[in-house]
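Read the structure below first, then the notes.
Numbering (our numbering), first residue to last: 208 to 448.
Next comes the structure, spelled out in C-alpha cells:
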C-alpha cells in the first residue's frame with residue numbers, strides 16, 4: 208500500500224553499484240530503511256543528491272509492517288535547499304548535527320513533535336542569512352527536550368553548579384566530573400530558551416563555544432544509550448575557529 212509522508216534523511220549506505228539503502232526519519236512511520244535503485248544513473252528517478260544528510264523530502268512509500276527494508280515510489284526535496292549545500296559553514300554544521308541525530312534517535316518511532324522540531328529547524332537554518340555559529344549549540348540543547356533530558360533552570364541563588372548527569376543545578380559541587388559552573392551553565396540555559404531567530408544576539412567567544420560543545424556532547428553521552436564518540440565535531444570546531 209502506498210503512503211505519503213515527509214522525511215528527513217539520516218544516513219545513506221551503498222548497497223550495490225547503483226543502489227543505496229537510506230535511513231530516513233519519516234513523519235508517519237518513524238525511522239525506516241529504504242532500498243532505492245538506480246540513484247547513480249543519468250536519469251535517475253531519485254538521484255543521489257537528494258539523499259544527502261538532513262535533506263528534507265516529500266515521499267511516497269510502500270510500507271509493510273514488520274519489514275526491515277521498505278521501498279520508495281517517489282522522493283523529492285521539500286523544501287529545496289538554497290544555502291546548506293553551498294555554504295561551507297552551514298554544510299559542516301549540518302553534517303555534525305546529522306551524526307548526533309543518527310546516534311540519538313536510532314530506534315525512534317513516529318513522533319510528531321520531534322519530527323516537526325527537526326524539520327522546521329533545518330528549514331529555518333537553510334533560509335536564514337544570520338550568523339550561524341551558535342545554531343548547532345542551540346539546536347542540540349533544544350533537541351534534548353524532545354529526547355527527554357532537557358536542562359532544568361536554577362531555582363536558588365546558591366546553586367552554582369550545573370550537574371550534567373542530573374540535568375539540574377546544585378549548590379554543592381558534584382562528586383563526579385560531569386558538571387559545569389554557573390557562568391557556562393547560564394549559556395546552556397540561554398541557548399536552550401532563546402528562539403533560533405535571536406540566537407545570533409548571544410555573544411560567545413570561540414573558546415567558550417568549544418567548551419560548551421564538548422560539555423553538550425558529554426551531556427548527550429550521559430543521557431543517550433550507546434551514544435558513542437562523535438567524529439565530526441573536530442572538523443566543525445576547525446571551521447568555526
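Here a beta-carbon is modelled for each residue, glycine too, at the ideal position from N, C-alpha and C.
Is the distance from the Cβ of residue 371 to the Cβ of residue 326 below 9 Å? no
Taking its Cβ as the centre, do 16 or more other Cβ atoms sit within 10 Å of residue 345, making it buried, or is it exposed? buried
The segment 275 to 282 / the segment 384 to 400 touching (three or more Cβ pairs under 8 Å): Contact fails: fewer than three Cβ-Cβ distances are below 8 Å.
Beta-bridge partners of residue 221, as assigned by DSSP: 227
Assign residue 293 to buried or exposed, taking buried as 16 or more other Cβ atoms, counted over all protein chains shown, within 10 Å of its Cβ. Answer is exposed; the Cβ neighbour count stays below 16.
Residue nearest to residue 285 in terms of C-alpha spacing, selected from 375, 267, 298: 267
Going along the chain, which residues of its own chain have a beta-carbon closer than 7 Å to the beta-carbon of residue 300, five neighbours each way excluded? 339, 342, 343, 443
Among the residues of its own chain, which have a CB less than 8 Å from the CB of residue 368, if the five just before and after it don't count? Counting only Cβ-Cβ distances below 8 Å, and skipping sequence neighbours, we find 376, 377, 378, 379, 380, 381, 386, 387, 388, 389, 392.
Hey, quick one: how far does the beta strand (DSSP E) through residue 352 stretch, first residue to last? Residue 352: not part of any beta strand (DSSP E); member of the alpha helix (DSSP H) spanning 342 to 354, first to last residue.
Beta-carbon proximity check, residue 253 vs residue 240, cutoff 9 Å: no
Spatial distance of residue 422 from residue 320 (CA atoms): 25 Å
Leaving out the 5 sequence neighbours to the left and right, which residues in its chain are closer than 7 Å to residue 430 when beta-carbon positions are compared? Taking C-beta separations shorter than 7 Å and ignoring five residues to either side along the sequence, the partners of residue 430 in its chain run 356, following chain order.
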